[in-house]
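Trainee: Per the working numbering, residue 98 is the first one in the sequence shown, and the count goes up by one each step.
In this text, a Cβ means the ideal position worked out from N, Cα and C, and glycines have one as well.
Take a look at this one; I'll ask things after.
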Amino acid sequence: MMEDIHIATIQAPRKGNGRQMTDTHTFLETQTKGKQKPGLRLIIIGAVIAILGALVIPAILLITVFSPNSDDNKFATPGSYSTEITKPGRYFLWNHSRTIFKGTMYYDSKTLTDDVSIVVSDHTGKLIPFVTDRSFSVSNNGDKRSSIGYIEINETNTIPTKLLIKVDSNKLRIFSLSEFSLSHTLGLAIGVIGVLFAIVLIGVGFIIAGTKKVATTIGSSTNSTP
């Protein structure tokens, strides 16, 4: 009696399967990184916008409001200074304790002594009130100045008018005259803060959108991984 002989054939695993799985994972990782790039770009753009908004806008405000006076409105005292006023406003007289005037660096005390006398008149010789106000001090780019007082030019004055400022003093000082309004400065600051907030908000929006895009890409690639 012949017995049936069954021969079992065992197939050995293919050597290429492990490498194939590795290649698949590498391909998926490459695809995922490629899909993440738009999201990362959004994050970078948002960060740049937010940083520039936080740094550049306040710098523009400081330069605009507190930039050092040019030599055009500086003058040495004792002596006289004449300038034309073309619009109403509050014009402050400043004492420079540190400044460059006509190529020379000057240092002095910001405190004025009692020997300083200031007289302001218009082109007709009419005296214009000079109001003492020493509440402001400004320091920017090495230039330091303190307010001495101001001249109020309003609609009752003839515009344009020529101002003549006579200063008597026992020592050399550098003065300057410039328009300065606290309410105008505050209004400008509020406007700049609003623009700053809007720019930073736009930057944050880009960052959030980019983060969501990256997270979505990672989630979808994880679900598709075998």
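Assess contact between the segment 134 to 147 and the segment 227 to 239, defined as three or more Cβ pairs (one per stretch) separated by less than 8 Å. Is contact present?
Mentor: Cβ pair count under 8 Å is below three, so no.
Trainee: So what's residue 138 in DSSP terms, helix, strand or just coil?
Mentor: Correct three-state label for residue 138: helix.
Trainee: Do the CB positions of residue 270 and residue 213 come within less than 9 Å of each other?
Mentor: Going by C-beta atoms, residue 270 is nearer than 9 Å to residue 213.
Trainee: If you draw a straight line from the alpha carbon of residue 222 to that of residue 257, how long is it in whole angstroms?
Mentor: Cα to Cα, the separation comes out at about 15 Å.
Trainee: Work out the CA separation of residue 300 and residue 174 for me, nearest whole Å.
Mentor: Rounded to whole angstroms, residue 174 to residue 300 spans 50 Å at the Cα level.
Trainee: Look at the alpha carbon of residue 201 and the alpha carbon of residue 193, and state the distance between them as a whole number of angstroms.
Mentor: Between residue 201 and residue 193, the C-alpha separation is close to 13 Å.
Trainee: Straight-line CA distance for residue 293 to residue 151?
Mentor: Computed Cα separation, rounded: 6 Å.
Trainee: Exposed or buried, which one is residue 199 when buried takes at least 16 other CB atoms within 10 Å?
Mentor: By the neighbour-count rule (16 or more Cβ atoms within 10 Å), residue 199 is not buried but exposed.
Trainee: Using a Cβ-Cβ distance cut-off of 9 Å, determine whether residue 300 contacts chain D.
Mentor: This model lacks chain D altogether; it includes just one protein chain.
Trainee: Going by the CB atoms, is the gap between residue 207 and residue 171 shorter than 9 Å?
Mentor: Against a cut-off of 9 Å, the Cβ pair of residue 207 and residue 171 comes out as no contact.
Trainee: Between which residues of its own chain and residue 267 is the CB-CB distance below 6 Å, once the five residues before and five after are set aside?
Mentor: Result list for residue 267: 212, in chain order.
Trainee: What residues in its chain sit with their C-beta under 8 Å from that of residue 181, if we drop five residues either side in the sequence?
Mentor: Once the five neighbours on either side are set aside, the close Cβ partners of residue 181 are 257, 258, 259 and 260.
Trainee: Starting from residue 231 and walking both ways along the beta strand (DSSP E), at which residues does that stretch end?
Mentor: Neither: residue 231 is in no beta strand (DSSP E) and is coded neither H nor E.
Trainee: I believe residue 262 touches residue 203 by the beta-carbon criterion, under 8 Å. Please report the beta-carbon distance rounded to the nearest angstrom.
Mentor: Between residue 203 and residue 262 the Cβ distance is about 18 Å, and since that is not below 8 Å, they are no contact.
Trainee: Out of curiosity, what's the CA-to-CA distance linking residue 195 and residue 153?
Mentor: In a straight line, the C-alpha of residue 195 is about 26 Å away from that of residue 153.
Trainee: Going by the CB atoms, is the gap between residue 277 and residue 188 shorter than 9 Å?
Mentor: In this structure, residue 277 lies closer than 9 Å to residue 188 by Cβ.
Trainee: Please name the residue or residues paired with residue 250 in a DSSP beta bridge.
Mentor: DSSP, once it has assigned bridges, lists 186 as partnering residue 250.
Trainee: Label residue 309 either buried or exposed according to how many other C-beta atoms from any shown protein chain fall within 10 Å of its C-beta, with 16 as the threshold for buried.
Mentor: It is exposed - the Cβ of residue 309 has fewer than 16 other Cβ atoms within 10 Å.
Trainee: DSSP state of residue 153, grouped into three classes?
Mentor: Residue 153 falls in the helix class under three-state DSSP.
Trainee: What is the DSSP secondary structure of residue 328, counted as helix, strand or coil?
Mentor: This structure cannot settle anything about residue 328, because the visible part of the chain is limited to 98 through 323.
Trainee: Using CA atoms only, rank isn't needed, just tell me which of 288, 237, 209 and 141 is closest to residue 272.
Mentor: Considering only alpha carbons, the answer is 209.
Trainee: Under a three-way DSSP split, which group does residue 148 fall into?
Mentor: It is helical.
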